[in-house]
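K.L.:
Input: one structure, supplied below.
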Amino acid sequence: MKKITLLFFALLTGMLANAQETLYSENFESNVTILGDGQMHTFKPSTKAGTWSGKIDLKTAGDANINLRQGWGEQYNLKIESKGAAVTIPDINVAGFTDLNLSYDFVVEDSGDAVKPKIEASVDGGASWVTLPTVASGGGWYKETKLVALPSGNYKTISLRVNPNTVSSNAIMFDNFIITGKKQ
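In short: position in the sequence shown from 1, add 71, done, that's my numbering.
Laid out in structure tokens, this is it:
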């Protein structure tokens with residue numbers, strides 16, 4: 072019995088050592104008031120400094136407006152219009168972790184042609200960006216959860232940039248950005 076208990080403990084310890092941990096999570100709520108379904112809050116990101124659930128302030132070039140659209144209950148989604156500003160989440164601490172992944176919820180506003188979100192990552196503070204592989208999605212208000220691998224390597228921070236959809240004129244919405252990784 073003692074050997075079985077030790078074997079079980081060894082297996083459990085090994086499984087926990089390889090488990091993915093959540094390093095960052097952002098649900099785009101930012102302490103905004105509840106509106107009706109489909110309504111939006113539009114504001115400059117600097118006006119919400121210190122209020123994001125992921126504890127990292129969102130940024131846009133020139134502090135251009137961003138939109139949070141209420142839907143699917145009382146939660147908000149980051150809505151990016153086809154000609155809207157790219158939204159950046161800078162310098163997310165990932166030091167000491169490998170095998171990083173990003174999961175997010177994705178919605179195409181209106182029914183329309185398939186669209187492909189453009190999410191980029193930077194491991195050098197925004198000096199250069201690499202486009203993450205994403206999966207094309209159809210329109211029609213259907214919320215889908217996506218999972219993509221983040222760039223491999225040994226770096227301390229990663230920045231994410233969500234760009235407007237340029238494949239079609241449909242707006243795209245994001246929610247629940249989560250970065251996971253394995254401790255080195």
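No residue lacks a Cβ here, since even glycine has one placed at the ideal position from N, Cα and C.
1. As a quick exercise: from Pro222, Val179, Leu171, Leu218, pick the residue whose alpha carbon is nearest that of valine 194.
2. Could you check which residue in Ala198, Thr122, Ala220 has the C-alpha nearest to that of asparagine 98?
3. Taking the DSSP output, what are the residues bridged to tyrosine 175?
4. Going straight from the alpha carbon of glutamate 215 to that of tyrosine 175, what length do you get?
5. What first and last residue would you give for the beta strand (DSSP E) that runs through glutamine 255?
6. Extract the residue ranges of the alpha helix (DSSP H) inside the region 91-138, only unbroken runs of 4 or more that lie entirely within it.
7. Straight-line CA distance for threonine 205 to phenylalanine 114?
8. State whether the region 163-175 contacts the region 237-255, with contact taken as three or more CB pairs (one from each stretch) at a distance under 8 Å.
9. At which residues does the beta strand (DSSP E) containing serine 193 begin and terminate?
10. Under 8 Å by Cβ, that's how I've got lysine 150 and leucine 139 pegged, so tell me the actual separation to the nearest angstrom.
11. Compute the Euclidean distance between the alpha carbons of valine 179 and lysine 254, then round it to the nearest angstrom.
12. Can you tell me the Cα-Cα spacing of glycine 167 and lysine 227, whole angstroms?
13. Counting only the same chain and skipping the five closest in sequence on each side, list residues whose C-beta sits under 7 Å from that of leucine 83.
14. Within this structure, are the beta carbons of glycine 224 and aspartate 170 separated by less than 8 Å?
P.N.:
Quick answer:
1. The residue you call residue 194 lines up with position 123 of the sequence shown. For valine 194, the nearest C-alpha among the options comes from Pro222.
2. Against the sequence shown, residue 98 aligns to sequence position 27. Checked all of Ala198, Thr122, Ala220; the closest Cα to asparagine 98 is Thr122.
3. As a first step, residue 175 is located in the sequence shown; it is residue number 104 there, counting from the start. DSSP output for tyrosine 175 lists Lys217 as bridge partner(s).
4. Indexing the sequence shown from 1 puts residue 215 at position 144. Indexing the sequence shown from 1 puts residue 175 at position 104. Looking at the two C-alpha atoms, the distance is approximately 8 Å.
5. Here residue 255 corresponds to residue number 184 of the sequence shown, with the count starting at 1. That residue, glutamine 255, is in no beta strand (DSSP E); it is neither H nor E in DSSP.
6. Counting whole runs of 4 or more residues, the region 91-138 contains no alpha helix (DSSP H) stretch at all.
7. Within the sequence shown, numbered from 1, the residue matching residue 205 stands at position 134. Within the sequence shown, numbered from 1, the residue matching residue 114 stands at position 43. Distance between the alpha carbons of threonine 205 and phenylalanine 114: 28 Å.
8. Counting Cβ pairs under 8 Å, three or more are found: they touch.
9. Taking the sequence shown and counting its residues from 1, the one referred to as residue 193 is at position 122. Following the DSSP letters along the chain, one finds serine 193 inside the beta strand (DSSP E) bounded by residues 189-193.
10. As a first step, residue 150 must be located in the sequence shown, where it is residue number 79. As a first step, residue 139 must be located in the sequence shown, where it is residue number 68. Contact holds; Cβ gap of about 7 Å.
11. On the sequence shown, residue 179 is found 108 positions in, with the first residue counted as 1. On the sequence shown, residue 254 is found 183 positions in, with the first residue counted as 1. Straight-line Cα distance between these residues: approximately 34 Å.
12. One-based indexing of the sequence shown puts residue 167 at position 96. One-based indexing of the sequence shown puts residue 227 at position 156. Straight-line measurement puts the Cα of lysine 227 at about 7 Å from the Cα of glycine 167.
13. Residue mapping note: residue 83 aligns to position 12 of the sequence shown, counting from 1. Note that leucine 83 scores a pLDDT of 46, beneath 50, so its modelled location is shaky; the value from the coordinates is reported in the next line. Answer for leucine 83: no residue qualifies.
14. Position 153 of the sequence shown holds residue 224. Position 99 of the sequence shown holds residue 170. Cβ atoms of glycine 224 and aspartate 170: not closer than 8 Å.
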